[in-house]
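In terms of my numbering, the sequence shown has 162 at position 169, counting the first letter as 1, and numbering is strictly consecutive. What follows is a short report on a single structure.
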Amino acid sequence: MLEVLENIDKQWLLALNNDYTDFWDGLMFGYSAKLTWVPLYLSMIYVIFKKWGNQAWWIIVSLVLCVVIADQVSSGILKGAVQRLRPSRDPELEGLVVLVKNYRGGLYGFVSSHAANSFGLALLSSLLFRNRFYGFAIFSWAAINAYSRIYLGVHYPGDILGGILVGFFAAWIVYWALKKFKSEILNRPPININQAAIPIYVFGLTIIGLVAYSYWIF
């Protein structure tokens, strides 16, 4: 059964990881880079301080803790325990997987830390902000981030799915802790549309910047 699932995973990878164009290579390579999204994180911090004031640090620490848990479970525990080679490191797939700039990532890939961290942050921040426009934008950001890892050939779809589950687990653990020990923070009204618009605009502007980078520079 496990062998069947692994074969299905490989087929899905090869179907999704194709030799597209330099433009898409640049877009996905830049999208996957962690520093690309520093402006988005800063915009979220700004909204948190505007909304929660003196209690903003509780929210920021909670989001950071969520990402740390997701990252440690995925990278610190599961990758070493499962030891599943990334497709970019698998000799059986040599020459079949399309790589960008020969980027291969680390040795093991199950589960995807990018997916775990992104979806953990997306779920917890959505539960805290409680704005559907923000929720749609941040989950779109997380989904594209996860897909970029398949595009770059460094993760199987199964790695991504496992990472999403780890991220959701981390988010629910932290949200449960907040609800139990700091429930007054969660009793505030949702962020308003003007506050939600800030990270949404930053997300959109970053995409525009990535498109320009991919078209003219990469």
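All C-beta atoms in this analysis are idealised placements derived from N, C-alpha and C, irrespective of residue type, glycine included. Since the structure is predicted, the reported quantities are computational estimates derived from the model, not experimental observations.
If we ignore side chains and look at the alpha-carbon of each, how far apart do Val93 and Leu(-5) end up? 29 Å
Using three-state DSSP, classify Tyr13 as helix, strand or coil. coil
For Val221, which residues from the same chain have a beta carbon less than 7 Å from its beta carbon, with the 5 sequence-adjacent residues on both sides left out? Because the chain is modelled from -6 through 211, residue 221 falls outside the range shown and cannot be assessed.
Can you round the beta-carbon distance between Leu6 and Ile143 to whole angstroms, since I take them to be within the 8 Å contact cut? 6 Å
Name the one or two DSSP bridge partners that Tyr208 has. Partner(s): none; Tyr208 has no beta bridge.
Can we say the segment 163 to 180 touches the segment 71 to 88, given the rule of at least three CB pairs closer than 8 Å? no
Would you tell me roughly how many angstroms separate the C-alpha atoms of Leu35 and Ala189, rounded to the nearest one? 13 Å
Using the three-state DSSP reduction, which class does Tyr101 fall into: helix, strand or coil? strand
Just to confirm before moving on: does the CB-CB distance between Ser118 and Met37 stay below 8 Å? yes
For Tyr13, which option in His107, Arg79, Val91 has the closest C-alpha, if you only look at C-alpha atoms? Val91
For Leu56, which residues in the same chain have their Cβ closer than 7 Å to its Cβ, ignoring the five residues on either side in sequence? Leu114, Leu117, Ser118
Would you mind reading off the limits of the alpha helix (DSSP H) that contains Tyr149? No alpha helix (DSSP H) contains Tyr149, which DSSP labels as neither H nor E.
Between the alpha carbons of Gln76 and Gly102, how many angstroms are there, rounded? 8 Å
Counting only the same chain and skipping the five closest in sequence on each side, list residues whose C-beta sits under 6 Å from that of Ser106. Asp64, Ser67, Ser68
Answer yes or no: do Val147 and Gly98 have a C-beta to C-beta separation smaller than 8 Å? yes
So, using beta-carbon positions, are Ile178 and Trp45 closer together than 8 Å? yes
For Ala49 and Ile41, believed in contact at Cβ under 8 Å, the rounded distance: 5 Å
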